[in-house]
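Data first, discussion second: the structure below is written as structure tokens.
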Amino acid sequence: MTYTTGWFRLFLNYTALHDDPDGVRCFAEQMSTAYDAASDDYYNVPGVETRVPFFGSTRGFRHPDPDRRNFSYMDKLLERLEAAGYRDGETMFGAPYDFRYAVAPAGHPSRTGTAFFASLKSLVERASQLNGDRPAIIVTHSYGGTLAQQFLIRQPLAWRRRFVRHFIPVAAPWGGLVLGMQALISGNNLALPFVDPGALRKEYRSLQSSLWPLPNAKVFGAGQPLVSTKRRNYTAGDVVDFLVDIGFGEGVGPYESRVLPLFKELPACPRVPVTCVVGVGVATPERMVYPGDDFEATPGVVVGDGDGLVNLASLVAVEPEWRRGGPYFKMVKVANVNHTDILVNDRALGIVMREILRAN
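Heads up: the sequence shown begins at 2 in this note's numbering, then just goes up one per residue.
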């Protein structure tokens with residue numbers, strides 16, 4: 002690993018990963034975090050300091066890798082918002098987050114998550130103040146939806162009613178996903194076809210956020226096999242055994258203490274107006290079948306409905322409870338659109354924009 006001084010772009014640097022054979026190894030080491038059991042929290046690995054630029058602005062969402070202008074899946078949404086009259090830093094704001102980290106339940110520290118929630122609360126209040134004390138519309142994608150739900154339920158109800166006009170989570174994995182188990186087995190190559198997922202497996206397992214997508218038994222059931230070998234089946238109720246058997250026993254402690262308390266039940270209703278927008282009708286892995294006794298061979302894949310990444314059961318998991326418990330709830334299903342194209346496809350993007358403008 003090469004150590005440098007000064008700031009440089011770590012995520013996402015397509016060019017470095019593609020052109021430098023040693024780039025993937027360095028990237029994996031620098032992106033990794035370490036769980037410290039004594040302090041019960043996650044940190045960068047020694048010698049690495051990170052920061053997330055452009056907080057408060059949508060600039061950071063434009064192009065995750067400026068070297069690849071066609072790599073953004075949020076740029077079109079921002080262009081549509083600007084065409085509708087929204088202006089960065091005036092009526093439109095961004096809250097980029099270091100996705101490697103995740104917040105923790107009560108009684109457990111989360112230095113990065115706590116600082117982010119404090120900054121996000123201040124940003125929402127400032128956005129309201131700049132716009133005649135009008136409440137804000139919070140729009141999220143994917144993991145951002147589960148993170149925003151945790152943010153909202155940790156604020157006093159009076160604050161939510163005062164500062165949040167509408168919450169619009171797009172493609173949120175409320176109950177986890179089967180591919181969350183697969184990524185812990187094989188690694189996650191960040192959808193970069195030239196990167197071997199196995200080269201990033203250790204890095205991916207080091208992140209607390211890698212445990213958040215594990216399937217919720219309330220959504221997937223305790224009897225539905227999600228991963229199978231010749232030796233046994235693993236359901237959403239067998240996550241601890243699963244982690245041990247894939248050689249990731251060190252993940253059991255953080256999972257049981259920092260993740261399971263948040264997701265053992267369905268995510269709590271934030272009690273603000275909510276419109277969920279999800280893609281459906283796309284083949285989505287719902288069971289991984291390994292032909293041998295272990296996880297070494299390439300698995301067979303049984304598919305079901307969803308958005309290609311998140312299973313349908315997870316995308317709609319909160320609907321019954323949130324419909325009963327909140328002031329307003331709407332579920333919008335967009336047919337034949339996958340997890341990222343929902344913010345790129347013209348038809349899907351038109352639906353997302355329609356819901357944002359209706360909320361406003």
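Yeah, the Cβ is synthetic: ideal placement off N, Cα and C, and Gly gets one too.
- Each residue's CA atom was taken as its position, placing glutamine 156 and phenylalanine 118 some 10 angstroms apart.
- Closest by C-alpha distance to arginine 162, out of Ser40, Ser129, Leu78, is Ser129.
- DSSP, read as helix, strand or coil, puts cysteine 27 in helix.
- Rounded to the nearest whole angstrom, the CA to CA distance from glycine 293 to threonine 230 is 6 angstroms.
- Look at phenylalanine 117 here: in three-state DSSP terms it is helix.
- With the rule of 3 Cβ pairs closer than 8 angstroms, the region 181-192 counts as touching the region 233-252.
- Boundaries of the beta strand (DSSP E) around histidine 167: 165-171.
- With respect to the C-alpha of arginine 259, the residue from Thr34, Asp21, Asp42 having the closest C-alpha is Asp42.
- Nearest to phenylalanine 164 by alpha-carbon distance, out of Leu121, Val49, Tyr36, Tyr74, is Leu121.
- Residue state for arginine 232 is assigned as coil, using DSSP reduced to three classes.
- Taking 3 residues as the shortest admissible run, the region 272-296 contains the following complete beta strand (DSSP E) segments, listed from N- to C-terminal end: 275-281, 285-290.
- Collapsing the DSSP output to three states places aspartate 89 in a strand.
- Runs of the alpha helix (DSSP H) lying entirely within the region 30-67 and spanning at least 4 residues, in chain order: 60-63.
- Residue environment: asparagine 361 is assigned as exposed (fewer than 16 neighbouring CB atoms within 10 Å of its CB, all protein chains considered).
- Distance from the CA of valine 311 to the CA of alanine 84, rounded to the nearest whole angstrom, comes to 30 angstroms.
- Going by C-alpha positions, glutamine 31 is about 30 angstroms away from methionine 289.
- Closest in C-alpha terms to glycine 351, from the list Phe100, Gly114, Pro268, Val171, comes Val171.
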